[in-house]
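**Q**
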Amino acid sequence: MSVIALLACGAPARCVGYGPGRAVAMSAAEYALRVLCLDSDGVARELAKLGDYAVSAENGLTDADVEAALRTGDFCALVLRSANTCTARTFDAAGGQLRVVGRAGIGLDNVDVREATARGVAVVNTPTASVRSVAELAIALMLAAARRVPEARDSLLAGRWDRAALEGRSVHGRVLGIIGYGAIGEATARIAAALGMRCRTLETSSRREMALAHGVRLVSMPELLAGSDVLSLHTPLAPSAPPIIGREQLAAMKPTAILVNTARGGLVDEAALLGALERGELGAACLDVFSRERAPLEPTVARLVRHARVVATPHLGGSTAEAREAISTELATRLHAELARGAGRQ
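Each residue of the sequence shown is one higher than the one before, starting from 1 at the first, in the UniProt record's numbering.
1) Can you list, in chain order, the residues of its chain whose CB lies under 7 Å from that of residue 348, leaving out five sequence neighbours each side?
2) Let me confirm a value: residue 212 is counted as buried when at least 16 other C-beta atoms fall within 10 Å, else exposed. Which label applies?
3) Is it buried or exposed for residue 148, if we count other Cβ within 10 angstroms and need 16 for buried?
4) Evaluate residue 96 with the Cβ neighbour count: other Cβ atoms within 10 Å of its Cβ, from every protein chain shown; 16 or more gives buried, anything less gives exposed.
5) Should residue 157 be labelled buried (16 or more other beta-carbon atoms within 10 Å of its own) or exposed?
6) If you check the beta carbons only, do residue 81 and residue 40 fall under 9 Å apart?
7) Going by DSSP, which residues form a beta bridge with residue 275?
8) What does residue 232 pair with, by DSSP beta-bridge criteria?
9) Exposed or buried, which one is residue 126 when buried takes at least 16 other CB atoms within 10 Å?
10) Taking the beta carbon of residue 240 as the centre, do at least 16 other beta carbons fall within 10 Å, making it buried, or is it exposed?
11) Determine contact between the stretch 160-170 and the stretch 112-127, defined as no fewer than three beta-carbon pairs at a distance below 8 Å.
12) Which residues in the same chain as residue 75 place their Cβ atom closer than 8 Å to its Cβ, once the five residues preceding and following it in sequence are excluded?
13) Since residue 317 and residue 130 are thought to touch, with beta carbons under 8 Å apart, how far apart are those beta carbons, to the nearest angstrom?
14) Measuring only the C-alpha atoms, how far is residue 304 from residue 227?
15) Please name the residue in 340, 324, 341 whose C-alpha comes closest to that of residue 103.
16) Grab the span of the alpha helix (DSSP H) containing residue 113 for me, first residue to last.
17) Spatial neighbours of residue 146 within its chain, please: C-beta separation below 6 Å, excluding the five flanking residues on both sides.
18) Starting from the C-beta of residue 164, find all residues in its chain whose C-beta is less than 7 Å away, skip the five residues before and the five after it, and write them out in chain order.
19) Residue 300: which of 336, 177, 283, 272 sits nearest, CA to CA?
20) Exposed or buried, which one is residue 294 when buried takes at least 16 other CB atoms within 10 Å?
21) Closest to residue 320 by C-alpha separation, out of 105, 72, 50, 238, would be which residue?
22) For the stretch 191-204 against the stretch 245-262, are there 3 or more C-beta pairs whose distance is under 8 Å?
23) Taking the alpha carbon of residue 122 as the point to measure from, which residue in 269, 222, 86 has its own alpha carbon closest?
24) At a cut-off of 8 Å, would you count residue 249 as near the ligand SAM, judging by its Cβ distance to the nearest heavy atom?
25) Can you tell me whether residue 222 is buried or exposed, with buried defined as 16 or more other CB within 10 angstroms of its CB?
26) Nearest CA to the CA of residue 209: which residue from 225, 336, 186?
27) Please report the straight-line C-alpha distance between residue 52 and residue 236, rounded to a whole angstrom.
28) Taking residue 56 as part of the beta strand (DSSP E), name the residues at either end of that continuous run.
29) Please name the residue or residues paired with residue 284 in a DSSP beta bridge.
30) What alpha helix (DSSP H) runs, 4 residues minimum, are completely inside the stretch 202-233?
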């Protein structure tokens, strides 16, 4: 039985006590700092190296499960990835005990930072740990679409040898448009440039000088949409903001263009994207993120991932061994620093 289940049924919980160089079973009461880690076993292991913590590592919990655990668990820290949200309900369930929320990743769109700040809860994330891995996936998806890799695999699995029918396109000399020239956008541009692509980003970018120094041309949004052979999204998702790529933007793109989204599903109007693909108004779409990321798939998402010109993955941007290790180390260090300042001790 998990620690959460024991707490929920009122049993005297026995946690794994984490301390430098050791892991032994002991009463949860022997530790002042209790941490709930969701889908983040690596963070639990790294915390073990930094101090004495009672860590409950749980996988696959719904938000309701998390709230139930917080109501009974007396946790001072919560670690989550993209599958869960942290809202006012989460803080209410914690009953004022929560002192820090750790996001194992870059984006904070699933954490209500304003609510956390109002309640005196620190929020930390890992802004650099998965940059390279996400950029590599964006390029990999783009290449898979350009060379029609999924279609070729399906053809072979069906027992066919369709070389003539599966002619792809080279990306050398093509224009890569980047919306969001932050760390991931920059890393993507560097890899693309090495492939011989010509990179563009928005002239409104806050990192204009950095982009220019890397040989990236600055253009307007209409120019970016109309001139890109590949359009890759690397911008955060603002709370309650409408999609930045909808019917109008898709109509402005080349009918042969490839749309790549490894940022957040809410950046793209999925119904509009599906329509554009079905009408032959867009060359292909590469999607690692979706508006709803949990099985069973939402109907529009299900139709998208089954489309012949869609290359889809289940939010794997940061899912490399190297990125996970870096995320675990960086987040554990930042959590420990927050808690060491006394925020988590009574």
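Glycine included, every Cβ here is placed at the ideal spot set by N, Cα and C.
These numbers come from a predicted model, not from an experiment.
**A** Checking against the coordinates, here is how it stands:
1) For residue 348 there is no data in the structure shown, the boundaries of the chain being 1 and 346.
2) Counting C-beta atoms within 10 angstroms of its own C-beta, residue 212 has fewer than 16 neighbours from the protein chains shown and is therefore classed as exposed.
3) It counts as buried.
4) exposed
5) exposed
6) Between residue 81 and residue 40, the C-beta spacing is below 9 Å.
7) Residue 275 pairs with nothing; no bridge assigned.
8) Residue 232 pairs with 178, 260.
9) buried
10) exposed
11) no
12) 34, 35, 36, 56, 69, 94, 97, 98
13) 7 Å
14) Annotation: residue 304 to residue 227 spans about 25 Å, alpha carbon to alpha carbon.
15) 324
16) 113-118
17) 168, 169, 171
18) Cβ neighbours of residue 164 beyond the five flanking positions: none.
19) Minimum Cα-Cα distance from residue 300 among the listed residues 336, 177, 283, 272 corresponds to 272.
20) exposed
21) 105
22) no
23) 86
24) Among the components of this structure there are no ligands whatsoever, and the ligand SAM is therefore not found.
25) exposed
26) It is 186.
27) 35 Å
28) 53-58
29) 258
30) 208-213, 221-227
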